[in-house]
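Protein chains in written order, with this note's numbering: chain U, 2 to 360; chain Z, 67 to 322.
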């Protein structure tokens, strides 16, 4: 071919024409192949097992994010490592917050509590069990009992003098540990979300601890909301797959409901996720089921704030029926309270009779 | 046929070197380890899929590395050692010289590819639902991709130093698929007429990742449509021709 094209200019012309033609034609081929190949950047990457290399890199990505998450916990314990199952600060705190929220919302909507001293300020550091946390009201937190440290105690240690030396030169403490301010852990958590945008717990923890810094950072709540909106956008439900990011929606709904006092937005966010959760319930793991239950509670509380008692009752019933035979006391408590409130509302404001209705 | 003569001599010379054998031994070690692992986990399809996929990736990667290293070395080495002068003094055109070098590099790449893939296919058990026809299509397209890669590297060897050429060619071969997606996303974000033109212009560069359908081979059981396979072969062939025309233009007037 090159022989027939005797002049270099002719060959350059052919090259340019061929490249122009390829620029026009190859998108068709590239598009066709791209449809068939599950590229690593597609949203369904977790389930793709067609490439060993991609799986290895994905494992590395997830492990790195987990390391960052674990590092954030270590930061809060002043460098002393705990067994992970023994110590889950975030889990404890969120459970506590949920219980307080259920009780708090109950009181806030109760006619008797509404009459009682609305202007009384909350006591800083006040907590039912004496624990204090920056995530809630105080800067530091003390554990009540001894924990299992990574460096064994003298009683558990067979190494004799070597163990003694390690206990002297490395951070070692028994009895209680004061948590450092969670703000120091935030960069690690944010890094975990950057490395693995699907790391639900890291997103939730980042938003949770960020929200807790609102005393020194007035924009903390709006920052936490923006962060979680981004997290929810990055982890949208996928067709034909169970939605396994209920925790993100819980945290965002909670922020809308409590921090920015916007129950309508919280309800709009929660409703589709509840429907999805009902559909996928059989395929969800224990953790996701817990988050889903929390979402049912928050949705019912949002309805209460909007004075939609019938809807709240309906949501509670759906939640209770869904998780049966497991029993969720706070959800039942909300249901009972809603029934009382509905009854009271009907007594004070009788339903409009058909003839009174405007034409 | 002086081009075949050059190809034969280059091919024999390449086989005397250790590159191919080193890669073959490495692939053999991998296949052995994978076989041992699979004996314990024979029923686990995910592990079979992982090991087979890694085997294919290593085979394809090793063949590409071999082709690039060989093609990048051919012309600069002849010029450096001065052996190009007696060669071109014979009744051998520069075009035939380049064609011979290209054929030799591609042939070595094909032999390496086939031997690596056969080794993996025989020793590592493929996953369930594996299609032999799709596997054959995968190898044919990979062979076409190696041809385009050899031609591109040979062309670049006329303008770039050897080490830079190897780095650039291998980097392009392995990473262009990812870089292309990122660039297209960035251009879509920028928007405008300029962004669209540049985005379309990027399609003119060869997409070697399209010629690697090993992921399709492991993700589905149905073979590709033959028209699509043929289109992809033609796609690779067009790049071979383009690279050849550019190389010949660069080499024709070059003082050696």
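Heads up, the beta-carbon is just placed ideally off N, CA and C, and yes, glycines get one too.
Here the structure is a predicted model, which means the values were calculated and not measured.
Endpoints, alpha helix (DSSP H) assigned at residue 275 of chain U: 264 to 281
Amino acids of chain U, ordered along the chain, whose beta-carbon sits closer than 8 Å to that of residue 270 of chain Z: 20, 21, 23, 24 and 27
Beta carbon of residue 320 of chain U nearer than 8 Å to that of residue 349 of chain U: no
Same chain only: Cβ atoms within 8 Å of residue 99 of chain U, ignoring 5 sequence neighbours per side: 295, 298 and 331
Residue-chain proximity (residue 106 of chain Z, chain U), Cβ-Cβ < 8 Å: no
Whole-angstrom C-beta distance between residue 207 of chain U and residue 261 of chain U, which should lie under 8 Å: At roughly 18 Å, the Cβ-Cβ gap does not stay under 8 Å, so residue 261 of chain U and residue 207 of chain U are not in contact.
Candidates Z:133, Z:202, Z:193 and Z:307: closest to residue 15 of chain U by CA position: Z:307
Minimum Cβ-Cβ distance from residue 261 of chain U to chain Z less than 8 Å: no
Proximal residues, the stretch 186 to 200 of chain U versus chain Z, C-beta separation under 7 Å: none
CB contact below 8 Å: residue 30 of chain U versus chain Z: yes
Closer than 8 Å to chain Z by CB, residue 285 of chain U: no
CB of residue 73 of chain U within 8 Å of CB of residue 189 of chain U, strictly: yes
Distance between residue 278 of chain U and residue 277 of chain Z (C-alpha atoms, nearest Å): 41 Å
Outcome for residue 199 of chain U when other beta-carbon atoms lying within 10 angstroms are tallied against a minimum of 16: buried
Proximal residues to residue 329 of chain U (C-beta, below 6 Å), its chain only, five neighbours per side dropped: 294
Cβ neighbours of residue 170 of chain Z in the same chain (closer than 6 Å, five flanking residues each side left out): 73, 76 and 77
Cutoff 8 Å: residue 314 of chain Z Cβ touching any chain U Cβ: yes
Top-ranked residue by Cα proximity to residue 231 of chain Z, from Z:101, Z:138 and Z:104: Z:138
Presumed contact (8 Å Cβ cut-off) between residue 246 of chain Z and residue 212 of chain Z, rounded CB distance: The Cβ separation is near 20 Å, so there is no contact.
contact_flag[the stretch 95 to 114 of chain Z, the stretch 173 to 190 of chain Z] where n(CB pairs < 8 Å) is 3 or more: yes
CB of residue 168 of chain Z within 8 Å of CB of residue 220 of chain Z, strictly: yes
Nearest neighbour of residue 191 of chain U, chosen from U:162, U:215 and U:225 [CA to CA]: U:225
For residue 274 of chain Z and residue 201 of chain U, the rounded distance between their alpha carbons: 36 Å
Straight-line Cα distance separating residue 320 of chain Z from residue 154 of chain Z: 12 Å
Min CB distance residue 141 of chain Z to chain U below 8 Å: no
Distance, residue 274 of chain U Cα to residue 138 of chain U Cα: For residue 138 of chain U, the predicted model reports a pLDDT of 40, less than 50, meaning its position is unreliable and no value from the coordinates is stated.
Chain-order list of residues whose beta-carbon lies under 6 Å from that of residue 218 of chain Z (same chain, five-residue window excluded): 309
Min CB distance residue 281 of chain Z to chain U below 8 Å: yes
Test item: CB-CB of residue 256 of chain U and residue 306 of chain U under 8 Å: no
The stretch 12 to 30 of chain U in contact with the stretch 286 to 305 of chain Z per 3-pair CB rule at 8 Å: yes
Closest Cα partner of residue 96 of chain U within the set U:288, U:62, U:323 and U:304: U:288
Three-pair Cβ contact test at 8 Å for the stretch 101 to 119 of chain Z versus the stretch 80 to 90 of chain Z: no
For residue 75 of chain U, three-class secondary structure by DSSP: helix
C-beta atoms of residue 205 of chain U and residue 249 of chain U nearer than 8 Å: yes
Amino acids of chain U, ordered along the chain, whose beta-carbon sits closer than 9 Å to that of residue 301 of chain Z: 23, 26, 27 and 30
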